[in-house]
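*Asks:* Throughout the sequence shown, residue numbering follows numbering that gives the first Met the number 0, covering 0 to 203 in sequence. From the three backbone atoms N, C-alpha and C, an ideal C-beta is built for every residue, glycine too. Keep in mind it's a predicted model, so treat the numbers as computed, not measured. Mind having a look at this structure? Questions to follow.
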Amino acid sequence: MRSLEALRNQTGTPVADSDGMVAIGPQSGEQFSAHNGHSCPVPGPNQTQGMMPRLNLLLTYTGWRSDSWADALPQLLAPMGVRALRAHCGDQAAQLLEQSPIHIAIVDLGLPMHEQGASGHVHTGGLKLLRYLSRLPSPPPTVIVKQAHSARDDRREVTEALRSGAFAVVDRPTTPTDTEILLEVLRRCLSRYYAGRWPGSSTA
């Protein structure tokens, strides 16, 4: 994957076309597009064995299943020292935020706020989590994964996410090219917020 290689090269680490759209937030002032041809595991603090994590990535995803992009992404990034902290609801994400510093967050807008069976609206956790992240003393850059909606709902969702502080909004990855786009957005996060360096390298 070109974007994965670029991420490695940018950070000095020796170690992803259906139409896809990436809307970059006001922090970057950029926009680009590309054209393509069961349970939620929660890792512990020692998930990345043999090395201190260079970056903690909060990864939220609704509808956990095998062979999803949310399973593939940690496997691609783990060799570079990226620790993916995965959550399948807003409550779980909030717990992870209390336990570890988060350097970049990927937030699924379809995320439920609570565990299945809990009272309340089911799929309101994504925007609530985004707003919570934006109020942190040092908010991490946040990449939003859109839900599948009508064009009108899609535009409204993108606008609201960007106004709430998202760095970028991407389509839900369904192809290797979609994953490539997501990797490129992560590379831009590192470049803009961390000068192309691994933030965890200096974390005590």
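Please classify LEU181: does DSSP put it in a helix, a strand, or coil?
*Replies:* Here LEU181 sits in helix by DSSP.
*Asks:* Along the chain, where does the beta strand (DSSP E) containing ASP90 start, and where does it finish?
*Replies:* Looking at the DSSP string, ASP90 is not in any beta strand (DSSP E); the run it does join, the alpha helix (DSSP H), is 89-98.
*Asks:* Are the Cβ atoms of VAL184 and VAL142 separated by less than 7 Å?
*Replies:* Yes, the pair counts as a contact, with Cβ atoms nearer than the cut-off.
*Asks:* Contact between the segment 67-80 and the segment 172-191 is defined here as three or more beta-carbon pairs at a separation below 8 Å; is this criterion met?
*Replies:* Flag = yes, the segment 67-80 and the segment 172-191 touch.
*Asks:* Among all the DSSP beta bridges, which residues are the ones paired with LEU84?
*Replies:* Per DSSP, LEU57.
*Asks:* In chain order, which continuous runs of the beta strand (DSSP E) of length 3 or greater are located wholly inside the segment 125-151?
*Replies:* Counting only runs of 3 or more, we get 141-144.
*Asks:* Three-state secondary structure (DSSP) at ASP107?
*Replies:* Strand.
*Asks:* I need the straight-line Cα distance from GLY195 to GLU114, nearest angstrom please.
*Replies:* Going by the C-alpha atoms only, they are around 36 Å apart.
*Asks:* Between the beta-carbon of HIS102 and the beta-carbon of PRO139, is there less than 7 Å?
*Replies:* Closer than 7 Å, so yes.
*Asks:* In chain order, what residues of the same chain have a beta carbon less than 6 Å from the beta carbon of PRO83, not counting five sequence neighbours either side?
*Replies:* Reading off the sequence shown, one finds Ala at residue 83, where the question assumed Pro. Excluding sequence neighbours, ALA83 sits near LEU56, LEU58 and PRO73.
*Asks:* What would DSSP say about ALA5, mapped onto helix, strand or coil?
*Replies:* Reduced to three states, the DSSP call for ALA5 is helix.
*Asks:* On the CB-based measure, 16 or more other CB atoms within 10 Å of its CB, does ARG134 come out buried or exposed?
*Replies:* Classification of ARG134: exposed, given that the 10 Å Cβ count is below 16.
*Asks:* Select from GLN98, ARG85, SER137 and ALA71 the residue whose C-alpha is nearest the C-alpha of TYR193.
*Replies:* Comparing Cα-Cα distances from TYR193 to each of GLN98, ARG85, SER137 and ALA71, the minimum goes to SER137.
*Asks:* Provide the residue span of the alpha helix (DSSP H) that contains ALA69, from first to last.
*Replies:* Element bounds for ALA69: 68-76.
*Asks:* Is DSSP giving ALA160 helix, strand or coil here?
*Replies:* Here ALA160 sits in helix by DSSP.
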